[in-house]
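Trainee:
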Amino acid sequence: MEWDEVNGMQLKVLKGMKDVLPVESALWRALEREMRDAARINGYHEIRTPVVEHTELFARSAGQSSDVVRKEMYTFEDKGGRSVTLKPESTAGVVRAFLESGLYAQTLPLKLYYLNAPHFRYEAPQSGRLREHHQFGMECFGASQPSADAELIVLVLQLLERFGLGNLSVRVNSIGCPHCRPAYQQAFRAYLNARRDRLCRACQERADINPMRALDCKEPGCQRELADAPVMLEYLCDDCRAHFERLKAYLDAVGVPYAVDARIVRGLDYYTKTVFEFVTGTPTGELTVCGGGRYDGLVEELGGPAIPAVGFGMGIERVLMLLQAQGSGKLTVEDERPQVFVACLGDASLEAFSLLQALRAAGIRADMDHQGRSLKAQFKYADKLGTALVAIVGGDELARGTVKVRDMASREEWELPLAEAPAALLARL
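Residue numbers 79 to 507, in the numbering used here, belong to the letters of the sequence shown in order.
1) Just to confirm before moving on: does the CB-CB distance between Arg372 and Tyr336 stay below 8 Å?
2) Which one of Met113, Asp97, Thr127 has the shortest CA to CA distance from Leu409?
3) Can you tell me the Cα-Cα spacing of Val420 and Ile470, whole angstroms?
4) Give me, in chain order, the residues of the same chain whose beta-carbon lies closer than 7 Å to that of Ser225; leave out the 5 immediate sequence neighbours on both sides.
5) Please classify Met399: does DSSP put it in a helix, a strand, or coil?
6) If you draw a straight line from the C-alpha of Arg118 to the C-alpha of Tyr191, how long is it?
7) Would you list the residues sitting across from Asp485 in a DSSP beta bridge?
8) Can you list, in chain order, the residues of its chain with a C-beta nearer than 6 Å to that of Met79? Leave out the 5 residues immediately preceding and following it.
9) Do you know how far the Cα of Leu164 is from the Cα of Pro260?
10) Alpha carbon to alpha carbon, how far is Pro100 from Asp339?
11) Kindly indicate which residue of Ala455, Gly389, Pro416 has the alpha-carbon position closest to the one of Val173.
12) Straight-line CA distance for Arg324 to Leu437?
13) Count the CB pairs spanning the region 127-142 and the region 264-278 that are closer than 8 Å, and state whether there are at least three.
14) Name the one or two DSSP bridge partners that Pro203 has.
15) Please state the DSSP three-state secondary structure of Met79.
16) With a threshold of 16 other CB atoms inside 10 Å of the CB of Gln417, please say whether the residue is buried or exposed.
17) Using a Cβ-Cβ cutoff of less than 8 Å, which residues in the same chain neighbour Leu238 once the five nearest sequence positions on both sides are dropped?
18) According to DSSP, simplified to helix, strand and coil, what is Glu490?
19) Return the bridge partner residues of Ala268 from the DSSP annotation.
20) Determine contact between the region 447-455 and the region 489-500, defined as no fewer than three beta-carbon pairs at a distance below 8 Å.
21) Return the CA-CA distance between Leu304 and Asp316, expressed in angstroms with no decimal places.
22) Could you check whether Ala455 and Val481 sit closer than 8 Å to each other, using their CB atoms as the reference points?
23) Verify whether the separation of the beta carbon atoms of His212 and Ala228 is less than 8 Å.
24) Which same chain residues end up closer than 7 Å to Pro166 when comparing Cβ atoms and leaving out the 5 residues on each side of it in sequence?
25) For the region 114-152, list the beta strand (DSSP E) runs that are entirely contained and at least 3 residues long, ordered along the chain.
26) Taking the beta strand (DSSP E) that Tyr191 belongs to, which residues open and close that run?
27) State the DSSP-derived secondary structure class of Gln417, mapped to helix, strand or coil.
28) How big is the Cα-Cα spacing for Met95 and Met486?
29) If we count the other Cβ atoms within 10 Å of its Cβ and call it buried at 16 or more, is Pro495 buried or exposed?
30) Going by DSSP, name the residue or residues bridged to Arg249.
31) Three-state secondary structure (DSSP) at Ser432?
32) Going by alpha carbons, who is nearest to Arg276 out of Pro298, His257, Phe266?
33) Measure the C-alpha to C-alpha separation of Gly391 and Gly464 and round it to an integer number of angstroms.
34) Is it buried or exposed, Ile125, if we count other Cβ atoms within 10 angstroms and call 16 or more buried?
35) By the three-class DSSP mapping on this structure, what secondary structure does Val172 have?
36) So, using beta-carbon positions, are Cys318 and Cys295 closer together than 8 Å?
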């Protein structure tokens, strides 16, 4: 009988959530190690924000018209009667911490990153994105120049290539600013209204609330109707156009291949000017690996000074899924197998335990039996663990103050003075 038949379905993991088991955790740590190295090399410092925030934070940052706020947030009332939300994305929380902690008073630009941050969105689980998923992201505050945008795009490209992820394309766009966007929205709204009866219900609502969101619609009918829609690039003001042209010049200067994609809008209202995505092809279509852009007005929107910013978010589950599917990963997983297994012969468990602790103090990965197995069973157990050496404590060797060591690969055996065993085994390994 299966476990869930005995204990009931209510004890299974929730839909859209996932356990990360030890074999997978090793890959996560390998990925995180590369991410931390990239952050350090590029001058970014880690920040960790709470998983729960006031709901108003996301309503003001993501926008009341966004699908995230309207449909996907895990929002509830706490015992104090406050409306709180499990964070659907990290940028808003980082900006809140940036303001609340007075980090904006430091020398700018300030570069921050977050890693393995859990995010929650109540949506149909997608490939590589669960209802609880984790992200790596970077936020750069106080840099108005497009070189900061280019720096992040180059960083992400190098990181994904270091992971071994293939078939990548870099796509960039500019969605303007509050000065030039209204004219485009007016023209685009008129375009949508002329085709309103052929649009899905969501896009009909978007035409009234925020027409640019229709560009992100995945319905085939809407995509056909939007094929000849006006694009924001045709309406950019001089400042936005100059910023976008300079960004492309920076990418050209370092040989980053990219495509201008006028359909990229991202899913949150706070973006301005630059938006970008990293896309990879799969047998079932394209998947976005990473997305980001500039949000020059968000700090001010949340009550702070006018400080420009740019950042990105990358889904960890999606990256790992794609690496596994492509079979092209370059991640180096740390060896976690015991290097030495301490086997106990007869009534020598205290001496075996003491040797175990001495080996660990010397920096050796070591383990021992905790089930009272026979010596033969201990060797079988050590073999299953993939142990390189077995140190046998007990018998005549213990009486002589020595320990017998067996190399599990060559079957060679030798004796060492018990007191010298940690140093001798460390040298051998």
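Cβ coordinates follow ideal geometry from the N, Cα and C atoms, glycine included.
Mentor: Considering the structure as presented:
1) no
2) Met113
3) 6 Å
4) Tyr328
5) helix
6) 10 Å
7) Leu467
8) With a pLDDT of 47 at Met79, under the threshold of 50, the predicted position of this residue should be treated as unreliable, though the coordinate-derived value follows. Once the five neighbours on either side are set aside, Met79 has no close Cβ partner at all.
9) 32 Å
10) 40 Å
11) Gly389
12) 58 Å
13) no
14) DSSP output for Pro203 lists no bridge partner at all.
15) Note that Met79 has pLDDT 47, beneath the 50 cutoff, so the model's placement of it is unreliable and the number below is only indicative. The answer is coil: DSSP assigns Met79 none of H, G, I, E or B.
16) buried
17) Leu246, Phe356, Val367, Cys368, Val397
18) coil
19) None; Ala268 has no bridge partner.
20) no
21) 26 Å
22) no
23) no
24) Phe136, Val146, Glu150, Met151, His197, Phe198, Arg199
25) 130-132
26) 188-198
27) coil
28) 40 Å
29) exposed
30) Ala337, Glu355
31) helix
32) Pro298
33) 38 Å
34) buried
35) helix
36) no
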